[in-house]
Every structure is written in C-alpha cells, then in structure tokens.
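Report on the following structure.
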Amino acid sequence: MPHFIQPEKCIGCDLCAKKCPTNCIEGESKKIYVIYAPLCIDCGVCASYCPVDDCILDQHGIPQRRINPKARPYAVVNEDLCTACELCVDACPFNCLEMIEDEGHFFKVAFDARPRDCVGCKLCEDVCVQKGAITVVWPDGTYCESLGVSTFGPFREGKAIEDLEEGVRLPASRMEVRA
Ligand code: SF4
Ligand code: SF4
Ligand code: SF4
C-alpha cells in the first residue's frame, strides 16, 4: 500500500513532490497533488515535509508527522565497514553521497558530502550489502528506524536492518558533518 494525499487538505505547495525520492508525486502548483501508487516505496518523506496537518496518510491510513528542518535525520557512513561498492552513491536520488579518500583505508569510502540535501529516504541503507556501513540517524545520533509514526511498509520488511536497534548511537566524530 502506498502513501496517500487527502485531496481536501492539499494546498498544492509542491514540497512533497520536490522531496519524493522516487519522483512519484504529480500535480500542478496550487492544485491537488497525487501520489502515483506503483512507484511509492512508503518511505514517508513526503509526509515529513508537508506543511498541512494530517494531509498525507501512510500505508496504514495513519496521518504522519512533519519534521522540523533542524530535526531531520540524515545518512552517516561508518568508513570502517564501507566496502567501497558505491551502491549507495548510485542509489541516492539527491546526490548526497560521494566516494572520498580516507586515512587508514587503501580504497575510497562513501561519505555524506551534502547532509542538508538528505531527505532520510533510506534508499542508501537499503541497497547497502554491508549492514551498518551506512545508516540514517537523527541529529542526536540515534538510529532512525522510520520517518513515520507507524511501521515500515513491505518495501523494507525483511531488509537487513533488524539488528540496528533503535537507540544505537554513532561516535560523535561522525555527527560533525551536519554541525
Ligand atoms: S512515501 Fe516516499 S515514495 Fe511514497 S510518495 Fe511519499 S515520498 Fe514518494
Ligand atoms: S506537501 Fe502537502 S500540501 Fe503541499 S502539495 Fe504535497 S500534499 Fe499538498
Ligand atoms: S537517505 Fe541516503 S539515499 Fe536518501 S537522500 Fe539521504 S543519503 Fe540519499
């Protein structure tokens, strides 16, 4: 089940369409926007940006929370686990990630070069074959399991993130990229 925009609430601001990682929200400015269901991955990004209360419902029909810009989660790389496959770099719809030289490694590792552009969609995390090498965290360093208020949709069920319990903290050095 995809996310859903309540037509009577939508003000046509276009924010959700700009931030949707699969580009599946269609509409014209100041008119009603619509989610193209087959491409929705239930990431919750649209609802986390929508300025109207209870406008976007998740796959369970539950209104989702808006997230303050300063409180948004973003991707962080653990360079010791990165295998340099570059899958995350290719997957990121907003070009947040780059491969960089890293002291102590003979190969380049992934790096979130533009954390302010990160929408927290978790596509990078989902394509990464090395669990924990890239994770989406809240600004206080705790693991962001979901942007939404209810559970993940089928897109993420069975993905290899079950061991990353909510509450896992990353070293402070990895949080400096957003500061
Ligand atoms: S839940 Fe994600 S993929 Fe679906 S419409 Fe919203 S932003 Fe796009
Ligand atoms: S962010 Fe909300 S109000 Fe703005 S276009 Fe999308 S659904 Fe409509
Ligand atoms: S969560 Fe990952 S894939 Fe999504 S925007 Fe942020 S860095 Fe890119």
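Residue numbers for the sequence shown, in my numbering: 23 to 201. Every residue, glycine too, gets a C-beta built ideally from N, C-alpha and C.
Beta-bridge pairing by DSSP links residue 27 to 78. Distance from the Cα of residue 137 is smallest, within the candidate group 106, 124, 156, 45, for 156. Inclusion of residue 49 in the 7 Å shell around ligand 2 follows from its C-beta lying nearer than that to a non-hydrogen atom of the ligand.
Here the alpha carbons of residue 171 and residue 151 stand approximately 27 Å from one another. A direct Cα-to-Cα measurement between residue 91 and residue 33 gives close to 20 Å.
Listed as beta-bridge partners of residue 119 by DSSP are 134. Around the beta carbon of residue 82, a 10 Å sphere encloses fewer than 16 other beta carbons of the protein chains shown; the residue is thus reported as exposed. For residue 111, no beta strand (DSSP E) encloses it; the enclosing alpha helix (DSSP H) starts and ends at 109 to 113. Contact between the region 129 to 144 and the region 96 to 103 is established, with three or more Cβ pairs separated by less than 8 Å.
For residue 39, the enclosing alpha helix (DSSP H) stretches over residues 37 to 41. Taking 7 Å as the cut-off, one finds at least one heavy atom of ligand 2 near enough to the beta carbon of residue 36.
Note on geometry: alpha-carbon atoms of residue 56 and residue 72 lie some 13 Å from one another.
Listed as beta-bridge partners of residue 57 by DSSP are 47. Inclusion of residue 31 and residue 74 in the CB contact set at 8 Å is warranted, their separation being smaller than that value. Beta-bridge partners of residue 159 (DSSP): 96, 165.
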